[in-house]
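Position 56 (the sequence shown) corresponds to 129 in the working numbering; numbering is contiguous.
Working notes for the structure below.
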Amino acid sequence: MKNFIVLLLTIVSFSFGIASVPNAVQAQAVYIPSIWVDPDGCEHWVMDDGAEGYMTPHVTRDGRPVCNGSGICGLVSSDQFFKTNSARIGQTGRAELERYFRNAGGQKFSIQGHTDSRASDAYNQKLSLARAQAVADIARRSGVEVVDVLGFGETRPRPSNATSEGMAKNRRVEIFCVN
Numbered sequence: 074m075k076n077f078i079v080l081l082l083t084i085v086s087f088s089f090g091i092a093s094v095p096n097a098v099q100a101q102a103v104y105i106p107s108i109w110v111d112p113d114g115c116e117h118w119v120m121d122d123g124a125e126g127y128m129t130p131h132v133t134r135d136g137r138p139v140c141n142g143s144g145i146c147g148l149v150s151s152d153q154f155f156k157t158n159s160a161r162i163g164q165t166g167r168a169e170l171e172r173y174f175r176n177a178g179g180q181k182f183s184i185q186g187h188t189d190s191r192a193s194d195a196y197n198q199k200l201s202l203a204r205a206q207a208v209a210d211i212a213r214r215s216g217v218e219v220v221d222v223l224g225f226g227e228t229r230p231r232p233s234n235a236t237s238e239g240m241a242k243n244r245r246v247e248i249f250c251v252n
């Protein structure tokens with residue numbers, strides 16, 4: 074009879090969700106929310122945990138996509154402007170960027186930094202943001218408006234990071250013109 078009562082209590086516990094495994098570790102994905110702007114300037118909400126994620130277009134209340142009419146209007150090769158593991162721009166690169174921004178003619182900008190995948194995610198995130206901030210600082214000193222500065226680390230590779238050529242193309246700072 075005692076075994077029957079234990080069995081009955083176990084069945085009832087599971088059916089009502091009362092039973093639990095005391096030492097079980099439950100893995101939970103940590104999703105990182107962000108906004109991705111496509112080449113046409115349209116925004117997409119992104120949730121990514123590094124292994125998988127999902128994306129959906131950002132739309133207005135009446136269902137129209139949110140598009141800012143922006144597009145890449147400049148691309149800074151990190152290898153050309155920054156030394157390895159550095160966010161400091163040399164004198165030649167600084168002069169080139171100042172000239173670029175002075176000739177922009179009242180344009181607004183969004184600056185986005187990227188890295189290859191050789192270092193840790195946290196390090197690459199920090200480095201990409203610092204490099205984007207360095208370019209944004211030059212833009213502001215040149216008299217243009219910077220609407221946002223973002224660092225994406227290694228999360229948005231253009232080509233694959235499997236080759237040295239691909240990694241070189243992924244070490245970049247993108248300058249978006251925003252209308």
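Positions of the beta carbon are idealized from the N, C-alpha and C atoms, including for glycine.
Item to complete: Tell me where the beta strand (DSSP E) around Glu116 begins and ends.
Response: For Glu116, the enclosing beta strand (DSSP E) has its first and last residue at 116 to 121.
Worksheet item: Within the chosen definition, does the stretch 228 to 235 reach the stretch 209 to 219 through at least 3 CB pairs nearer than 8 angstroms?
Response: The stretch 228 to 235 vs the stretch 209 to 219: no contact.
Worksheet item: Looking at the structure shown, is Arg229 part of a helix, part of a strand, or coil, going by DSSP?
Response: Looking at Arg229 - three-state DSSP - the assignment turns out to be coil, as it is neither helix nor strand.
Discussion item. Please classify Asp135 as buried or exposed, where buried requires at least 16 other C-beta atoms within 10 Å of its C-beta.
Written reply: Exposed, because fewer than 16 other Cβ atoms sit within 10 Å of the Cβ of Asp135.
Worksheet item: Sorted by chain position, which residues of the same chain lie with C-beta nearer than 6 angstroms to Arg175's C-beta, five sequence neighbours on each side aside?
Response: A distance below 6 angstroms between beta-carbons, with the five flanking residues on each side excluded, links Arg175 to the following residues of its chain, in chain order: Ser215.
Discussion item. Can you find the residues in the same chain that come closer than 7 angstroms, C-beta to C-beta, to Gln198, ignoring five residues on each side of it along the sequence?
Written reply: Contacts found: Gly224, Gly226.
Discussion item. The beta strand (DSSP E) that contains Val132, what's its start and end?
Written reply: Here Val132 belongs to no beta strand (DSSP E), and DSSP marks it neither H nor E.
Worksheet item: Which of the three DSSP states, helix, strand or coil, is assigned to Ser150?
Response: In the structure shown, Ser150 adopts extended strand secondary structure according to DSSP, grouped into three states.
Item to complete: To the nearest angstrom, report how far apart Phe249 and Cys146 are at their CA atoms.
Response: A straight-line Cα-Cα distance of about 5 angstroms links Phe249 and Cys146.
Worksheet entry | Inter-residue Cα distance where the pair is Glu247 and Gly166 | Distance between the alpha carbons of Glu247 and Gly166: 15 angstroms.
Practice prompt. For Ser180, name the three-state secondary structure that DSSP assigns.
Written response: Note on identity: in this sequence residue 180 is Gln, with Ser being the wrong assignment. Gln180 sits in coil when the DSSP states are folded into three classes, being neither helix nor strand.
Item to complete: Measure the alpha-carbon distance for Val220 versus Gln180 and round it to whole angstroms.
Response: Gln180 has its alpha-carbon roughly 10 angstroms from the corresponding atom of Val220.
Practice prompt. Compute the distance between the beta-carbons of Ala235 and Ala203, then report whether it is under 7 angstroms.
Written response: Cβ atoms of Ala235 and Ala203: not closer than 7 angstroms.
Practice prompt. Return helix, strand or coil for Glu171, following the three-state DSSP convention.
Written response: Residue state, collapsed to three classes: helix.
Discussion item. Helix, strand or coil, according to DSSP, for Val219 in the structure here?
Written reply: Val219: strand per DSSP, three-state reduction.
Worksheet item: Does the distance from the CB of Asp189 to the CB of Arg245 come in under 7 angstroms?
Response: The answer is no: Cβ separation not under 7 angstroms.
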